[in-house]
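Trainee: Here the sequence shown stands for residues 1 to 389, where the numbers follow this note's numbering. We treat Cβ as the ideally placed atom computed from N, Cα and C, and that holds for glycine.
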Amino acid sequence: MEKILLAGVNTRAVACSLKKLGYQVYSADYFGVMDLGSCTEKSQSVLDQKPQKSCGKFIEHFNPLIIKKMALKMVDDVDGVICCAGVSPNWFPSNKIIGNPDVDGVEDKYQLMKELNLLNSKFDHSFHVPETYLVGDMDDAHEIATGAPEKQFILKPRYGSGGYGVRRLDPLMQETDLDCQEIESDDWILQEFIAGENISASVLSTMYDTQTILTSTQIIGDKRLGQREPFGYCGNIAPHSGDGKISEIAQKVTHHLSLIGSNGVDFIINQGEIYVIEVNPRLQGTFECAEVALNINMAEAHLEACQGRLMEVSAPDKFAVKMIIHTHHRSQVTDLNLPGVHDIPYPGVIIEKGEPLATVITSGMAREDTIYSAKKKVQKVYGQLKPAK
1 MEKILLAGVN TRAVACSLKK LGYQVYSADY FGVMDLGSCT EKSQSVLDQK PQKSCGKFIE
61 HFNPLIIKKM ALKMVDDVDG VICCAGVSPN WFPSNKIIGN PDVDGVEDKY QLMKELNLLN
121 SKFDHSFHVP ETYLVGDMDD AHEIATGAPE KQFILKPRYG SGGYGVRRLD PLMQETDLDC
181 QEIESDDWIL QEFIAGENIS ASVLSTMYDT QTILTSTQII GDKRLGQREP FGYCGNIAPH
241 SGDGKISEIA QKVTHHLSLI GSNGVDFIIN QGEIYVIEVN PRLQGTFECA EVALNINMAE
301 AHLEACQGRL MEVSAPDKFA VKMIIHTHHR SQVTDLNLPG VHDIPYPGVI IEKGEPLATV
361 ITSGMAREDT IYSAKKKVQK VYGQLKPAK
């Protein structure tokens, strides 16, 4: 295998790791960041980044079918396809998929919760699953919520990733802060809101073996990073210093769902109780943190696992922090080609308020020092922006 096609919202991290392994990389993505080009043989992007031109709002303009169309034009030229967040492996020939060929039952959050409840009953309820309901409209949601006044609830898109569109539901009010006041039948779930620490587990698996290689703290809805989505993903701090129970549960979940390659399981820890919240049946946002903290090539680890071999991975020997920066104001980009800064937009483009701007990655031997270093880089990036009218 020499040529691999990547398809997803953002393919930069995986593309660069594959490039280091000597592969010819093809890519179909949304953002088309500047540092993707040096890692790809051929790429097409939804955004056409040009000076003085706005990149628009992701939630309004993202259409996975456009990425599908671009990717299918290249699929006959490659030996394999890796699907990143935002695309479905069902779009491609199954014999070319490097990873999970069918993820419908996992990406459907309602079906996933039912499957997790089944798994939990087999293992003496070693973890918790938030109560989850399929709702046809807002009246359904409010009826369920008002019937359980001791609980809090969130509305989630039934499909999707990154925390986009997730909102709290106030049962005492007849509306939420959702941009659209109506929800379409069967497109949304109502889920019990669990407060606590957000943890992600990165798992390598074959059809027979699983290994949790890293757990990390997730950064969610951080307004200091310009994130306007209250549950929006903003990065990770790795490793997490918890016990091994999360790693064990993540392996059980991954094996039960028959996932292969690199996959992620998201948890919330509430007063010592472990809740399984979501499963990501693909390479995850922790990709870069895993590479830095574990000193491995995650693309190689994924490829090996898909071929039935688990890479030998040692314990983390350093801390790694990833922060996804969003703009606080409508801004024009200058030169962001700075050390430790990735997903770099082209100079002169305009990024709308609250939209993704760039990614900062830092590493170090002390957790707090590594976080501090990341925050300093974030401020340096913000300092490079100019106000845009």
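#1: In chain order, what residues of the same chain lie with their CB nearer than 6 Å to the CB of Val-135, ignoring the 5 residues before and after it?
#2: Please confirm if the segment 248-258 is in contact with the segment 224-237, defined as three or more CB-CB distances below 8 Å between the two stretches.
#3: As an exercise, report each continuous beta strand (DSSP E) stretch of at least 3 residues that is fully enclosed by the segment 41-90, in chain order.
#4: Where DSSP assigns a beta bridge to Thr-334, which residues make up the other side?
#5: Are the CB atoms of Gly-196 and Asn-117 within a distance shorter than 9 Å?
#6: Who are Tyr-26's beta bridge partners in DSSP?
#7: How about Pro-387 and Gln-332: do their beta carbons lie closer than 9 Å?
#8: Assign Tyr-110 to one of three DSSP states: helix, strand, or coil.
#9: Taking the alpha helix (DSSP H) that Ile-98 belongs to, which residues open and close that run?
#10: Between the C-alpha atoms of Val-81 and Lys-151, what's the straight-line distance to the nearest angstrom?
#11: Take the Cβ of Thr-11 as the centre, count every other Cβ of all protein chains shown within 10 Å, and call the residue buried at 16 or more, exposed below.
#12: Is the beta carbon of Asp-48 less than 9 Å from the beta carbon of Gly-37?
#13: Quick one, are the C-beta atoms of Lys-57 and Glu-300 less than 9 Å apart?
#14: Take Met-70 and list the residues in its own chain whose beta-carbon comes closer than 7 Å to its own, dropping the five residues that flank it on each side.
#15: So, helix, strand or coil for Ser-94, using DSSP?
#16: Less than 7 Å between C-beta atoms, sequence neighbours within five positions excluded: which residues of the same chain meet that for Lys-42?
#17: When you compare only the Cα positions, how much space is there between Lys-377 and Val-129?
#18: Could you check where the beta strand (DSSP E) with Ile-361 kicks off and where it finishes?
#19: Taking the CB atoms as reference points, tell me whether Ala-7 and Cys-84 lie closer together than 9 Å.
#20: For Ile-219, collect the residues of the same chain with a Cβ closer than 6 Å to its Cβ; drop the 5 residues on either side in sequence, then sort them by chain order.
#21: For Gly-264, does the count of other Cβ atoms within 10 angstroms reach 16, so buried, or fall short, so exposed?
#22: Could you tell me whether the Cβ atoms of Asp-279 and Leu-112 are closer together than 9 Å?
#23: Measure the alpha-carbon distance for Gly-125 versus Phe-153 and round it to whole angstroms.
#24: For a quick check, are the C-beta atoms of Ile-260 and Thr-212 less than 9 Å apart?
#25: In this structure, how does DSSP classify Arg-224 when only helix, strand and coil are distinguished?
#26: Roughly how many angstroms lie between the CA atoms of Lys-380 and Thr-362, to the nearest whole one?
#27: Which of the three DSSP states is assigned to Leu-118 in this structure?
#28: Based on the DSSP secondary-structure assignment, which residues constitute the bridge partners of Gln-191?
#29: Distance check for Pro-149 and Gly-99, CA to CA, integer angstroms please.
Mentor: Let's see:
#1: Ala-141, Trp-188, Leu-190
#2: no
#3: 42-45, 80-83
#4: Paired residues: none, contrary to the question.
#5: no
#6: Leu-5, Lys-42
#7: yes
#8: helix
#9: Neither: Ile-98 is in no alpha helix (DSSP H) and is coded neither H nor E.
#10: 43 Å
#11: buried
#12: no
#13: no
#14: Ala-28, Gln-44
#15: helix
#16: Tyr-26, Met-74
#17: 37 Å
#18: 356-364
#19: yes
#20: Cys-234, Gly-235
#21: buried
#22: The sequence shown places Val at residue 279, not Asp. Yes; because the gap between Cβ atoms is below 9 Å, this pair is in contact.
#23: The sequence given here has His at residue 125, not Gly. Distance between the alpha carbons of His-125 and Phe-153: 22 Å.
#24: no
#25: helix
#26: 14 Å
#27: helix
#28: Thr-132, Ile-154
#29: 42 Å
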